[in-house]
Amino acid sequence: MNFQEEYKKIISCIKPDIDAFTGFSAGMFSRDSDIENILLDYLSQPGKLLRPALVFLFTRALGLVPGERHFRLAFCIEMIHNASLVHDDIIDSAPERRGQKTLHTAYDSRFAVIAGDYLLAKAIETVSYIKNTEIIDILSNYIKMLICGETKQYFSRYDALSIEDYIEKSKNKTASLFLAALESAAVLNGSKINCSDFAQNFGITFQIHNDLKNFTDSCLSLSEKTCDDIKNGTYTAPVIFYMKENNLTKINNPNDVLNCPNRAVFEEKTRGLIKSFAYRAIENINCLEDNQYKKAIIDLCNLYTGDRT
Ligand code: FPP
Ligand code: MG
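Residue numbers (my numbering): 9 to 317.
(1) Whole angstroms is fine: what's the gap from Asn-197's alpha carbon to Thr-182's?
(2) Taking the alpha carbon of Pro-60 as the reference point, which residue from Asp-237, Leu-220, Arg-77 has its own alpha carbon closest?
(3) Tell me whether Asp-96, by its Cβ, gets closer than 6 Å to a heavy atom of the ligand MN.
(4) Where are the beta strand (DSSP E) runs, 3 residues long or more, that stay fully inside the stretch 235-313, in chain order?
(5) Please classify Gln-108 as buried or exposed, where buried requires at least 16 other C-beta atoms within 10 Å of its C-beta.
(6) How about Leu-296: is its C-beta nearer than 7 Å to some C-beta of chain C?
(7) For Arg-80, which of helix, strand or coil comes out of DSSP?
(8) Output the residue ranges of the alpha helix (DSSP H) runs that lie fully inside the stretch 131-207 and measure 4 residues or longer, sorted by chain position.
(9) Quick check: what's the CA-CA separation for Ile-43 versus Ser-33?
(10) Could you tell me if Tyr-312 is buried or exposed, where buried requires 16 or more neighbouring beta carbons within 10 angstroms of its beta carbon?
(11) Spatial neighbours of Thr-317 within its chain, please: C-beta separation below 7 Å, excluding the five flanking residues on both sides.
(12) In the DSSP assignment, what residue or residues form a beta bridge with Gln-108?
(13) On a Cα-Cα basis, can you pick out the residue from Ile-171, Asp-167, Arg-118, Ala-188 that is closest to Lys-152?
(14) Taking C-alpha atoms, which residue in Leu-308, Phe-66, Tyr-174 lies nearest to Thr-278?
(15) Can you tell me whether Thr-182 sits near the ligand FPP, meaning its C-beta is under 6 Å from at least one heavy atom of the ligand?
(16) Would you kindly work out how many angstroms separate the C-alpha atoms of Asn-10 and Asn-202, rounded to a whole number?
(17) Please state whether the Cβ-Cβ distance between Asn-149 and Asp-205 is less than 7 Å.
(18) Between the Cα of Tyr-166 and those of Phe-223, Thr-257, Lys-200, Thr-234, spot the shortest distance and give me the residue it belongs to.
(19) How far does the alpha helix (DSSP H) with Leu-65 in it reach, from first residue to last?
(20) In whole angstroms, what is the alpha-carbon distance linking Gly-124 and Asn-90?
(21) Select from Glu-176, Lys-239, Leu-190, Ser-229 the residue whose C-alpha is nearest the C-alpha of Ile-216.
(22) Which of the three DSSP states is assigned to Tyr-15 in this structure?
(23) Buried or exposed: Cys-295, going by 16 or more other Cβ atoms within 10 Å of its Cβ?
(24) Under a three-way DSSP split, which group does Thr-317 fall into?
(25) Whole angstroms is fine: what's the gap from Leu-308's alpha carbon to Ile-18's?
(26) Which of the three DSSP states is assigned to Tyr-126 in this structure?
(27) Give the straight-line distance between the Cα atoms of Tyr-137 and Thr-242, rounded to the nearest whole angstrom.
(28) Which of helix, strand or coil does DSSP assign to Arg-118?
(29) Between the C-alpha atoms of Ile-238 and Lys-283, what's the straight-line distance to the nearest angstrom?
(30) Relative to the C-alpha of Phe-210, which candidate in Leu-47, Leu-58, Tyr-162 has its C-alpha closest?
(31) Report whether the distance from the Cβ of Asp-236 to the nearest heavy atom of the ligand MG is below 6 Å.
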């Protein structure tokens, strides 16, 4: 089974929630509006819906059934995520996402900025119906954290980042939205169980795994992402390990690292880093009662370590 098939299998226990959420999301856009018409097509490849899946898994793990408020929250988080990706793809000059042209490639950057802004407006509109100021507070703080992470990435371009700096940046730019999703879900569920440590460690796991995949794909010429990142001065975990090993403060030619004969060493070190955060995330949910949903959350963590057989 490939990664995608494994993922689907793990979250099959919440398939009814994911199906209901997909229907809910489709109903939030209208073909009558020019921008929503374009966004409906753009979002027709929705991605893994990882953040909504975690909202539903944590809710079910507590013995509760996700309802309209959970769908509103999950939709809000997913739209913030999509908005950030539309803008991220402009910043990274990425030609494709989810197997289709990015919005700035299909149209131009001016339109893509507007479209990202619109997705943020949809996120706020949808969550406002929950009428919960605690959730608004959580969301706004974590959106600021996400943007601060991206700002840090912008201003630290071409810096020789340490692994600690890279983890801190990943916590801000990526774990923030997992924190927003799970802390808001805890408010909805009236749960006092600490989900923040899990969200942080899972989010970091996810980002390092994403960076390693981009690196290995670039080495196999399946993607240009790491190559472009290096040219833009954004150094991810395997590249940072390479730079440290070779006492480098800058990389002039991406091929130096992508064709490096011992690049497997840097990939292995990165896998070790993924495992250390994924194992912490698993420990963080010890407090949940044992059931199929908790098992699915653990299986998700192990999907990123590659430990699942
Ligand atoms: C993907 O990272 C991008 C992010 C995790 C955050 C991007 C945030 C912004 C552009 C700030 C604007 C935010 C909002 C809410 C509009 P990546 O480039 O490492 O991942 P990739 O390989 O999927 O592109
Ligand atoms: Mg990107």
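Quick reminder that beta carbons are idealized off the backbone N, C-alpha and C, glycines included.
None of the values given here were measured: they were computed from a predicted structure.
In terms of the structure at hand:
(1) Here the C-alpha atom of Asn-197 lies approximately 23 Å from the C-alpha atom of Thr-182.
(2) When Asp-237, Leu-220, Arg-77 are compared, the shortest CA-CA separation from Pro-60 is found for Arg-77.
(3) Summarising the ligand content, the structure contains the ligand FPP and the ligand MG and does not contain the ligand MN.
(4) Secondary structure remark: continuous beta strand (DSSP E) runs of at least 3 residues inside the stretch 235-313: none found.
(5) The residue is exposed, with fewer than 16 neighbouring Cβ atoms inside 10 Å.
(6) No chain C appears in this structure, which consists of one protein chain only.
(7) Of the three classes helix, strand and coil, the one that applies to Arg-80 here is helix, per DSSP.
(8) Listed in chain order, they are 141-163, 171-178, 184-197.
(9) Their Cα atoms are separated by approximately 16 Å.
(10) Buried is the call here.
(11) The pLDDT assigned to Thr-317 is 47, lower than 50, so where the model puts this residue is not dependable; a value taken from the coordinates is nonetheless given after this. The answer is none, since no qualifying residue turns up.
(12) DSSP, once it has assigned bridges, lists Arg-105 as partnering Gln-108.
(13) Among Ile-171, Asp-167, Arg-118, Ala-188, the Cα nearest to that of Lys-152 belongs to Ala-188.
(14) Ranking the options by Cα distance to Thr-278, first place goes to Tyr-174.
(15) Thr-182 Cβ: within cutoff of the ligand FPP.
(16) Their Cα atoms are separated by approximately 32 Å.
(17) Asp-205 is positioned such that its CB atom lies no closer than 7 Å to that of Asn-149.
(18) For the residues Phe-223, Thr-257, Lys-200, Thr-234, the minimum Cα distance to Tyr-166 belongs to Thr-257.
(19) Its alpha helix (DSSP H) spans residues 58-69.
(20) Straight-line Cα distance between these residues: approximately 7 Å.
(21) Taking only the C-alpha atoms, the option nearest Ile-216 is Glu-176.
(22) Here Tyr-15 sits in helix by DSSP.
(23) It counts as exposed.
(24) Any reading at Thr-317 is ruled out, since the residue's pLDDT is 47, under 50, leaving its predicted position unreliable.
(25) Annotation: Leu-308 to Ile-18 spans about 7 Å, alpha carbon to alpha carbon.
(26) Judged by DSSP in its simplified three-state form, Tyr-126 adopts helix.
(27) If I take the Cα positions, the gap works out to 39 Å.
(28) Secondary structure of Arg-118 (DSSP, three-state): helix.
(29) Roughly 24 Å between the two C-alpha positions.
(30) The candidate whose alpha carbon is nearest that of Phe-210 is Leu-58.
(31) No - the ligand MG has no heavy atom lying nearer than 6 Å to the Cβ of Asp-236.
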